[in-house]
Structure formats: structure tokens, C-alpha cells
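End of the sequence shown = 423 in the numbering used here, gap-free, step of one. Here is the structure we will look at, set down as C-alpha cells.
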Amino acid sequence: MRTLTSERRSTASWLPCLALITFAIGTDDFIIAGLLPEIARDQGVSEAAAGQLVTAFSVSYALAAPPLAVAMAQFPRKPVVLFGLTAFAMINVVTAFAPNYGTMMALRIAAALAAASITPAVFALAAQLASPARVGRAIGVVAAGLTVSLFVGVPLGSLLGTAFGWRSTFLAVALFTAIVLAASAHYLPAAPGAPEIGLRAQLRILSRPAVLTTVIGTVMGASGGLLVYTYIGPITRAMSGYDGPILAFFIAVVGVAGAAGTLVGGRLTDRWGADRALLATFGGMAISLVSLAALGAVVPSGVPVWLLAGALALYGFAGWGFNPPMNARMLALAGDGGTEALALNTSGLYVGIAVGGAVGGAAVAAAGGVGAAVTAAGMAAVTFAAIAGFVRRYPSAPTA
Numbered sequence: 024m025r026t027l028t029s030e031r032r033s034t035a036s037w038l039p040c041l042a043l044i045t046f047a048i049g050t051d052d053f054i055i056a057g058l059l060p061e062i063a064r065d066q067g068v069s070e071a072a073a074g075q076l077v078t079a080f081s082v083s084y085a086l087a088a089p090p091l092a093v094a095m096a097q098f099p100r101k102p103v104v105l106f107g108l109t110a111f112a113m114i115n116v117v118t119a120f121a122p123n124y125g126t127m128m129a130l131r132i133a134a135a136l137a138a139a140s141i142t143p144a145v146f147a148l149a150a151q152l153a154s155p156a157r158v159g160r161a162i163g164v165v166a167a168g169l170t171v172s173l174f175v176g177v178p179l180g181s182l183l184g185t186a187f188g189w190r191s192t193f194l195a196v197a198l199f200t201a202i203v204l205a206a207s208a209h210y211l212p213a214a215p216g217a218p219e220i221g222l223r224a225q226l227r228i229l230s231r232p233a234v235l236t237t238v239i240g241t242v243m244g245a246s247g248g249l250l251v252y253t254y255i256g257p258i259t260r261a262m263s264g265y266d267g268p269i270l271a272f273f274i275a276v277v278g279v280a281g282a283a284g285t286l287v288g289g290r291l292t293d294r295w296g297a298d299r300a301l302l303a304t305f306g307g308m309a310i311s312l313v314s315l316a317a318l319g320a321v322v323p324s325g326v327p328v329w330l331l332a333g334a335l336a337l338y339g340f341a342g343w344g345f346n347p348p349m350n351a352r353m354l355a356l357a358g359d360g361g362t363e364a365l366a367l368n369t370s371g372l373y374v375g376i377a378v379g380g381a382v383g384g385a386a387v388a389a390a391g392g393v394g395a396a397v398t399a400a401g402m403a404a405v406t407f408a409a410i411a412g413f414v415r416r417y418p419s420a421p422t423a
């Protein structure tokens with residue numbers, strides 16, 4: 024049997040499995056955005072109603088992840104991941120045959136519950152299996168699975184759905200999950216759960232000001248950062264004057280830069296420590312979004328494509344790079360309650376996505392794409408100031 028000690032010496036077997044797990048979950052979460060017309064038409068609802076399937080998944084995940092993590096914290100993590108993947112695959116198979124909108128809504132909620140049981144355990148497992156000097160890099164690779172799903176999994180799923188119907192996409196996700204499940208059963212080493220500390224102690228950890236301010240930072244960072252990704256169409260159209268196929272290019276630029284930023288964020292975490300890496304990534308995101316907003320304000324509808332692509336690349340690199348140091352900081356601050364705290368932090372990510380969508384929608388309606396970019400820049404600047412205060416007040420490592 025593979026042991027925790029032996030597997031720490033090599034990440035080649037287990038780390039790709041963990042990254043593929045988050046890739047599958049990320050693809051399943053966001054894939055509906057690319058299938059809205061087909062799902063709406065087949066289920067006899069409006070596209071707005073079909074879009075609520077994404078909202079239901081995100082809200083259910085955000086609400087379920089912390090209590091599920093608390094309930095399962097003491098269980099060995101490999102069985103938790105394997106059981107969750109089995110349920111996730113089966114739910115996607117059933118979703119492919121959903122007869123009506125109500126059934127599909129219930130199944131999306133069920134898929135969110137399965138994902139909420141898996142993701143915190145996967146991040147905790149990455150930190151547990153990696154050597155202490157490589158924890159940040161391991162978390163970065165796992166987080167990159169989510170990022171890559173946005174610009175690889177979602178477009179591929181959309182193409183598959185367009186060619187063979189939206190139901191085929193969910194069957195493909197189920198098949199991919201089953202393959203990852205088989206690989207994980209073989210390659211993931213056995214790893215114990217968190218020490219038994221009791222429910223009260225778990226709740227005390229989650230209510231620590233240091234933990235809560237980290238979650239607040241995640242909400243703020245996701246709301247401002249992902250606002251631009253959510254409304255990248257209106258923003259790039261308003262700034263460049265171009266529409267149509269060029270949007271796919273801009274999305275790809277952000278996605279590739281985001282994946283690179285996630286990996287670099289993990290390496291910076293190992294080299295500089297979580298707090299310094301966090302300040303660097305949030306500072307970079309604030310600078311990139313202020314630059315993007317300035318371009319839109321100074322050269323409305325006339326920003327060259329290459330210059331806009333460069334600004335978006337900087338945004339993607341820094342905006343996705345904060346995930347590894349944020350999770351590493353949370354693990355350091357939470358101690359024995361790391362899995363539960365990671366679940367709470369992931370919930371904060373989904374809350375931030377929802378907040379960014381709402382604020383960005385209002386900004387686009389009131390002031391167009393440039394207004395949304397300016398709003399995101401302001402939010403990023405406020406977030407950097409808040410994070411600097413949180414890190415100074417609650418350092419994750421002792422200061423000299």
C-alpha cells in the first residue's frame with residue numbers, strides 16, 4: 024500500500040489526479056453557461072431560467088461545503104474523495120437523461136453537494152501529501168485544474184453539446200470523472216483525516232478573526248477579479264470596438280495567463296511565504312485592472328487588440344495567482360481545522376463570484392463595459408488595502 028511518507032517523495036503519481044479532479048468539477052460547474060440556448064429550448068424554459076441552474080449549483084456549493092467539511096473532517100481523505108467522485112459521476116449520468124427542468128435543478132443541487140464534499144478534501148490532501156517546501160506548488164497545481172477547466176473544459180463541452188446535444192456533454196463529464204476516479208483509486212495514497220478535536224473546537228477555529236478575515240479577502244478578491252471575466256464580452260467590445268470571434272481569443276488569453284499565474288503563485292508561496300505572495304498577487308491584480316480601466320477611459324472604443332490582450336494577460340496572471348497563497352495562508356492559520364477552513368474559503372470564492380456578477384451587471388447596465396472595468400479596478404484597489412491590513416494584523420507565520 025502506498026504510504027504518506029513514501030508518496031511525499033514524489034508528486035508524479037498523485038498530483039495529476041488531484042488536478043484532474045478539480046478540472047472535472049470546474050468543467051461541470053461552468054459548462055451550462057455554454058449550453059444555455061440548447062438546455063432552455065429542450066426543457067421549455069427561458070435562457071434566464073436555464074441560467075439559474077448555474078446559480079443553484081454555486082449557492083448550494085457555498086452553503087454546503089463548510090458543514091460537509093466539518094462532518095467529514097475526521098474521515099480518511101482518500102475514501103471521501105473516491106465516494107464523492109462516484110456520486111458526482113452518477114449524478115451527471117442521470118442529468119443527461121433529466122426529463123424536465125425541475126428534475127435537472129434538483130440534480131444540479133445534488134452535483135454541487137458532491138463537489139462540495141470533494142474539493143476541500145482535495146486541497147487538504149495536496150497540502151498533506153506534499154513536502155513542506157512544496158505545499159504552495161502542490162496547491163497551485165490543484166487550483167490550476169479549476170482555471171484550465173474554464174478555457175479548455177468549458178469550450179470543449181460547448182462544442183460537444185452543439186454537435187451532439189447538451190445531454191452528451193454531461194455524459195462526457197461523467198465518463199471523464201469515472202476515468203479520474205479509477206486513476207485516483209490506484210494512485211492516491213492513503214492519508215488520515217484531521218485529528219479528532221470535537222465540534223466545538225472546529226467551530227472555534229472557523230470563527231477565529233484570522234480565518235474569517237481570510238475568507239473576507241477571498242470574497243473581495245473573487246468579486247472584483249472575476250467581474251472582468253464574467254463581463255469580458257461587454258468590456259472588450261467597449262474598449263476595442265470589436266465583437267464576435269475575437270472574444271474567444273481574449274478568453275483564451277485570460278485563461279492561459281490565469282493557469283500560468285496559478286502555478287507561479289504556488290511557487291511564490293513556497294519561496295516567499297503565503298503572506299508576501301498574497302500581497303504580490305493582489306497588488307498585481309490591482310495594478311493590472313487600474314491599467315485596464317485607464318486604457319478604456321483614455322482610448323474608448325479604440326484600444327488596439329494587442330494592447331488589450333496584454334492588459335488582459337496581466338490581469339489573468341495576477342487575478343488567478345492569489346488562489347494558492349490564500350489557501351496556504353488559510354491552512355497555516357487554521358491548524359487542525361484546515362479542511363473545514365478551506366471549505367469555508369471555497370464558499371467565499373463562490374460568494375465572491377455571485378457578488379461580482381451582480382455588481383458587474385449593474386455597472387454594465389449603468390455605464391457600459393468601460394464602467395465595469397473601472398468598477399473592477401476600484402474593487403481591486405480596496406481589496407489590496409484590506410488584504411494588507413489583514414496580513415499585518417494576522418500574519419500566517421511568525422515575524423522576526
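Just so it is clear, CB atoms sit at the ideal spot from N, CA and C, and this is done for glycine as well.
As assigned by DSSP and simplified to three states, the class of residue i
i    : result
N123 : coil
L38  : helix
R231 : coil
A213 : coil
V326 : coil
S154 : coil
L365 : helix
Q5   : In the structure as shown, the chain starts at 24 and stops at 423, and residue 5 therefore has no counterpart that could be examined.
L58  : coil
A206 : helix
P98  : The sequence given here has Phe at residue 98, not Pro. F98: coil per DSSP, three-state reduction.
P90  : helix
D298 : helix
D293 : helix
S81  : helix
Y265 : coil
F345 : coil
Y373 : helix
Y254 : coil
S314 : helix
A420 : coil
S69  : coil
Span separating the alpha-carbon of residue i from that of residue j
i    : j    : result
A332 : F273 : 6 Å
D266 : G256 : 8 Å
A423 : A351 : Confidence in A423 is poor, its pLDDT being 44 and thus under 50, which makes the residue's placement too unreliable to answer from.
E70  : A137 : 25 Å
P212 : P143 : 17 Å
A149 : V277 : 25 Å
S438 : G67  : Because the chain in this structure spans residues 24 to 423, residue 438 falls outside the shown range and cannot be described.
V378 : L182 : 29 Å
R25  : L152 : Legend: pLDDT at R25 = 48, less than 50; position of this residue unreliable, no value from coordinates given.
G188 : P178 : 14 Å
G184 : A112 : 18 Å
P327 : S314 : 14 Å
E30  : Y210 : Because E30 carries a pLDDT of 46, less than 50, the predicted location of this residue cannot be relied on, and no value is offered for it.
V321 : G264 : 14 Å
R32  : P39  : At R32, the pLDDT of 45 sits below 50, so the modelled position is not reliable and the matter cannot be decided from this model.
P268 : Q97  : 49 Å
V287 : R415 : 23 Å
R64  : S191 : 16 Å
A139 : G49  : 12 Å
Anticipated Cβ contact below 8 Å, residue i with residue j, distance rounded
i    : j    : result
A316 : A396 : 5 Å
A88  : V374 : Not a contact, Cβ separation roughly 11 Å.
G125 : T285 : With a Cβ gap of about 37 Å, G125 and T285 do not count as contacting.
I55  : V77  : 5 Å
F281 : T406 : For clarity, residue 281 is Gly in the given sequence; the question names Phe instead. 17 Å between Cβ atoms; not a contact.
S419 : A297 : 5 Å
T170 : W343 : 5 Å
A214 : R100 : 5 Å
V104 : I132 : Actually they are not in contact, since the Cβ atoms of V104 and I132 sit about 20 Å apart, beyond 8 Å.
P347 : G289 : 4 Å
F146 : V165 : 6 Å
G307 : A341 : 3 Å
Distance CB(residue i)-CB(residue j) smaller than 8 Å
i    : j    : result
A309 : A403 : yes
I228 : G358 : yes
A261 : G339 : no
G74  : T292 : no
F46  : A135 : no
A197 : A42  : no
A411 : L302 : yes
T259 : L270 : yes
I426 : V203 : Look at the range of the chain in this structure, 24 to 423, and you will see that residue 426 is not part of it.
N368 : T253 : no
L312 : A400 : yes
F345 : T304 : yes
T241 : L356 : no
S207 : L108 : yes
G325 : G180 : no
Proximity test, Cβ basis, 8 Å: residue i and chain C
i    : result
A388 : You won't find chain C in this structure, because it holds only one protein chain.
The ligand MG heavy atom lying under 7 Å from the CB of residue i
i    : result
A150 : The ligand content of the structure shown is nil, which means the ligand MG is not present either.
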